[in-house]
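Taken in order, these protein sequences are the chains called A and B.
According to the numbering used here, the first sequence is numbered sequentially starting from 1.
According to the numbering used here, the second sequence is numbered sequentially starting from 1001.
Built from N, CA and C at the ideal position, the CB exists for glycine as well.
The structure presented is a predicted model; accordingly, all values stated were derived computationally and were not measured.
2 protein chains.
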Amino acid sequence: MKKVAVILKVAIIGAGSAVFWLSLTRDFCTMKSAPGSTITLVDIDKERLDAVYQLGSRYIKDLGVDIKLEKTQNRHEAMKEADFVVNTAMPGGHEHQEAMRAVGIKHGYYMGIDNAEHNFVWDYFTILGFKQYKLALDIAKDMEEICPDAWLMQTANPIFEVTTLLRRHSKIKAAGFCPGYHAVHHLMFVTGISPAETDFQVAGFNHCIYLTRFKNRETGEDLYPAIDRWAKNDAPELWKNHDLGLWTETLSPAAVDMYKIYGRYPIGDTARCFSWKYHYDLETAKRWYGEIGGTDSELGLQMCLDRFQGNVDRMFRLLEDPKMDLTREIRPAKGNDEFSDFIDAVSLGEKKRLVLNIPNDGTLSQFSEDLSIEVPVNIVDGKLHPEKVDSFPSRLLNFVLRPRVLRMEWALEAFESGDKEVLVENLIRDPRTKSEEQAREAIEEILSLPLNADMKAHYK
Amino acid sequence: MKKVAVILKVAIIGAGSAVFWLSLTRDFCTMKSAPGSTITLVDIDKERLDAVYQLGSRYIKDLGVDIKLEKTQNRHEAMKEADFVVNTAMPGGHEHQEAMRAVGIKHGYYMGIDNAEHNFVWDYFTILGFKQYKLALDIAKDMEEICPDAWLMQTANPIFEVTTLLRRHSKIKAAGFCPGYHAVHHLMFVTGISPAETDFQVAGFNHCIYLTRFKNRETGEDLYPAIDRWAKNDAPELWKNHDLGLWTETLSPAAVDMYKIYGRYPIGDTARCFSWKYHYDLETAKRWYGEIGGTDSELGLQMCLDRFQGNVDRMFRLLEDPKMDLTREIRPAKGNDEFSDFIDAVSLGEKKRLVLNIPNDGTLSQFSEDLSIEVPVNIVDGKLHPEKVDSFPSRLLNFVLRPRVLRMEWALEAFESGDKEVLVENLIRDPRTKSEEQAREAIEEILSLPLNADMKAHYK
Chain A
1 MKKVAVILKV AIIGAGSAVF WLSLTRDFCT MKSAPGSTIT LVDIDKERLD
51 AVYQLGSRYI KDLGVDIKLE KTQNRHEAMK EADFVVNTAM PGGHEHQEAM
101 RAVGIKHGYY MGIDNAEHNF VWDYFTILGF KQYKLALDIA KDMEEICPDA
151 WLMQTANPIF EVTTLLRRHS KIKAAGFCPG YHAVHHLMFV TGISPAETDF
201 QVAGFNHCIY LTRFKNRETG EDLYPAIDRW AKNDAPELWK NHDLGLWTET
251 LSPAAVDMYK IYGRYPIGDT ARCFSWKYHY DLETAKRWYG EIGGTDSELG
301 LQMCLDRFQG NVDRMFRLLE DPKMDLTREI RPAKGNDEFS DFIDAVSLGE
351 KKRLVLNIPN DGTLSQFSED LSIEVPVNIV DGKLHPEKVD SFPSRLLNFV
401 LRPRVLRMEW ALEAFESGDK EVLVENLIRD PRTKSEEQAR EAIEEILSLP
451 LNADMKAHYK
Chain B
1001 MKKVAVILKV AIIGAGSAVF WLSLTRDFCT MKSAPGSTIT LVDIDKERLD
1051 AVYQLGSRYI KDLGVDIKLE KTQNRHEAMK EADFVVNTAM PGGHEHQEAM
1101 RAVGIKHGYY MGIDNAEHNF VWDYFTILGF KQYKLALDIA KDMEEICPDA
1151 WLMQTANPIF EVTTLLRRHS KIKAAGFCPG YHAVHHLMFV TGISPAETDF
1201 QVAGFNHCIY LTRFKNRETG EDLYPAIDRW AKNDAPELWK NHDLGLWTET
1251 LSPAAVDMYK IYGRYPIGDT ARCFSWKYHY DLETAKRWYG EIGGTDSELG
1301 LQMCLDRFQG NVDRMFRLLE DPKMDLTREI RPAKGNDEFS DFIDAVSLGE
1351 KKRLVLNIPN DGTLSQFSED LSIEVPVNIV DGKLHPEKVD SFPSRLLNFV
1401 LRPRVLRMEW ALEAFESGDK EVLVENLIRD PRTKSEEQAR EAIEEILSLP
1451 LNADMKAHYK
């Protein structure tokens, strides 16, 4: 099956996202299945929605492509006859996250209560992921009624937790999308290995994926020795200047250290997420991630927030100059666009290999079936075929992967039970907790934030 | 099959144990299968061995029972034609453990590096369990050659770790024995429930067992509500006087707290082993375990050490008075003697129900097969039949049981690999670790203790 064209409807929830608006606009407008299709933008923030709609309309016109662009603040409207529903929404936004982080810091939790072992990514809130869990389940429930055959494409974090929840509580087809795995190309670049010649596989859970295969596509030669040579001979030179910058943790001393101890190379956000060893304080983080201390230090966080604000500023600046050719500003993709690749593959029957977060259901036999895993998936004739992955070595399993699963389970147990005691128990397991009272007070104050009225009502 | 008498040989390794010498002497001499049998005492400490041998010989004479008692410092001798090999040895003894604890404390690890989440029992060394792991495997290896059909009865801690190692690396039949589960009778006593009328089941891992069944044997009535009533109405009165003493954690505020949050009642040493919430410092421990802060506080530890020394003193005092009737000093058992019950059941075909640590092999389907589990076992016609146990609720599974399994895996990964980095990684996961250097320095200094030359040679 390979179709030349289809008439699709794609609903994008949270289309005004500061992080994603630009890449989403570009990707969906330039995908092969775009011509003739309808894209419906949804956001509860009217100003952002109007801005993205205006820019999107101009971009479509400048591209000269036949796409019907719609906007609505009502997601139910958008779901009618939808084939794909993209959830990129972050309810409450960064303002909400930073308010919760500030209370955590006040109670002795450096960088907030959710920056913790196996998850130091600063905007990946799991214990406090209530709004994300609730929204994703609500969207899935709506879809079961309005567009039961559509795909839910989850791009908003925390992807591991949210897609596992969806696996357990919804019948909607859902997949989680995270571009982090492309960082395997950083590794190819520094080792001088050609991507075209490389057969690689990454596997695990979102933000916890390891290079399970790294071979020459033709000869089958194992390319891990090239990593070993780089780590020994070239990496120290790279680390000397100490300016790795944001989202380059794959090349950091921390990543190499994890690889040395655990036997598989961590890819993408994985090296951000491991143990306190790399995160005790800013000084420690600088040693392991370079001058800014990595994406998740207080310096990295501020740079990210500034960059996201820059994205928003750019959005409004582009609006102010209606004559500017947007195709010059929003350049076509470079081929790393899993959102549009996924839609093309599923709807047109294009053959694609993507790394996706999908239900385990036996693919990783060392883990229970009802988890969401991140693995390479071959999409053939519109159907998803996860690749077979070698077993993980016991050390990686027991020190890294299984503890990461437990962190997810702890967060979901709290959410699913609505039992405030479980939120406290989550925090009791945090090494920064020095007394039960400290944990209780932090949770109580976070729940009492004006932005958390919904969460407070949920946790009895 | 039920035999009236058998001629057995039982080898007891570590027979001079300060903790066990008295109960072992009593149990093995008074078991039904004792007459005509040979008991061989083994200890590398000649003074202790001679003392236990002399007392044992007198006790046998005073009892008037036909047992051949032997002694040797060479365990291979003792294994010849043995039907049961009891391992109660603690190589290095408490002196060794206290030396390691002192270094841990010096480096910032309150009560030592091995007193940690999911294992606060002060003499249950898992990260530093090298000597116990090595000895148990050596004994099993010897048995495979010398007495391949004999049972290895493991009574020395850490039973969970050691019996799991034996399951994975030896073909010898092995079972772990821990009397902790009898504390279910403390619960029956305070709730006014008759043991004879009660059908109970405990399950989990050693020192991590939960009351999975508590019913009236006749009517099938659930007796958990009696626990609820006790916890609400009577327990606060019991806790007021604050002198729970040693090994009574089953009745502590901590146990009730765990039950309230996790939905199953913790039995025996289980309430000693859970989370930092009960163990931050002595003040916290007093609040949760009574005036001495439980068996594992610095006060409890000292009381235990004094009591063990008292056992040894008593041994030598009894020796000094050769005319004393030992049957008055060493009273027959009260029926809680799983060592002798096990031997009677296996050798005579007596029907017995014991709680044992045995290979999982599918009994607890929520855990992998190659673990050692603690469950009720019915011994019929000399064969072990573990009871079917209900599934554990997810909260207990994810916050308690699975993390306990990981702690075991971390310790065994270090031992099996002999990789010092894994010892460090064990400690990196400890909330008391504030820097990598702290963990490294603690491990290095512990390995450099004169008593740890063997362990130092093992870890590269």
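Give me the chain B residues within the contact set of residue i, using Cβ-Cβ distance strictly less than 9 Å, ordered along the chain.
i	result
Ile127(A)	Correct list: empty, because the minimum Cβ distance to chain B is about 13 Å.
Pro491(A)	Shown here, chain A extends from 1 to 460; a query on residue 491(A) therefore has no answer.
So, is the C-beta of residue i closer than 9 Å to a C-beta in chain A?
i	result
Asn1115(B)	no
Thr1433(B)	yes
Thr1284(B)	yes
Could you name the residues of chain B that residue i contacts, counting a contact when the two beta carbons are closer than 8 Å?
i	result
Arg395(A)	Glu1413, Ser1417 and Val1422
Assign residue i to one of three DSSP states: helix, strand, or coil.
i	result
Glu70(A)	strand
Thr1363(B)	coil
Tyr1124(B)	coil
Asp91(A)	The amino acid at residue 91(A) is misidentified as Asp; the sequence shows Pro. Coil, per DSSP.
Arg1440(B)	helix
Leu401(A)	helix
Met1153(B)	strand
Ala1203(B)	strand
Ala1231(B)	helix
Ser1394(B)	helix
Gly1176(B)	strand
Cys1147(B)	coil
Asp257(A)	helix
Cys273(A)	coil
Arg1353(B)	strand
Glu1237(B)	helix
Tyr224(A)	helix
His107(A)	coil
Glu374(A)	strand
Kindly list, in the order they appear in chain B, the residues whose Cβ is closer than 7 Å to that of residue i.
i	result
Glu425(A)	Ile1261 and Phe1399
Assuming the contact rule is C-beta atoms closer than 8 Å, residue i and residue j should be a hit. Round their C-beta distance to whole Å, please.
i	j	result
Met1324(B)	Ala1051(B)	Not confirmed; about 14 Å, so no contact.
Gly14(A)	Asn87(A)	7 Å
Asn357(A)	Glu374(A)	5 Å
Val202(A)	Val184(A)	6 Å
Leu55(A)	Thr30(A)	With 8 Å as the limit, Leu55(A) and Thr30(A) do not qualify as a contact, their Cβ atoms being about 15 Å apart.
Asp1361(B)	Thr1212(B)	That belief does not hold up - the Cβ atoms of Asp1361(B) and Thr1212(B) are roughly 18 Å apart, past 8 Å.
Cys1273(B)	His1207(B)	5 Å
Pro1403(B)	Pro431(A)	About 14 Å; that fails the 8 Å criterion.
Trp288(A)	Ser252(A)	6 Å
Met1303(B)	Leu1246(B)	6 Å
Using a 10 Å radius around the Cβ and a threshold of 16 neighbouring Cβ atoms, would you call residue i buried or exposed?
i	result
Gln132(A)	buried
His385(A)	exposed
Asp1043(B)	buried
Gly1241(B)	Position check: residue 1241(B) holds Asn in this sequence, whereas Gly was assumed. That one is exposed.
Asn115(A)	buried
Glu249(A)	buried
Phe189(A)	exposed
His1279(B)	buried
Pro1376(B)	buried
Val1004(B)	exposed
Ala1140(B)	buried
Thr1219(B)	exposed
Indicate whether at least one CB of chain B lies closer than 9 Å to the CB of residue i.
i	result
Glu436(A)	yes
Lys277(A)	yes
Tyr459(A)	no
Starting from the beta carbon of residue i, find every residue of chain A whose beta carbon is closer than 8 Å, and list them in chain order.
i	result
Trp1410(B)	Asn398 and Phe399
Which residues in chain A have a C-beta closer than 9 Å to the C-beta of residue i? List them in chain order.
i	result
Tyr1280(B)	Thr433, Lys434, Ser435 and Glu436
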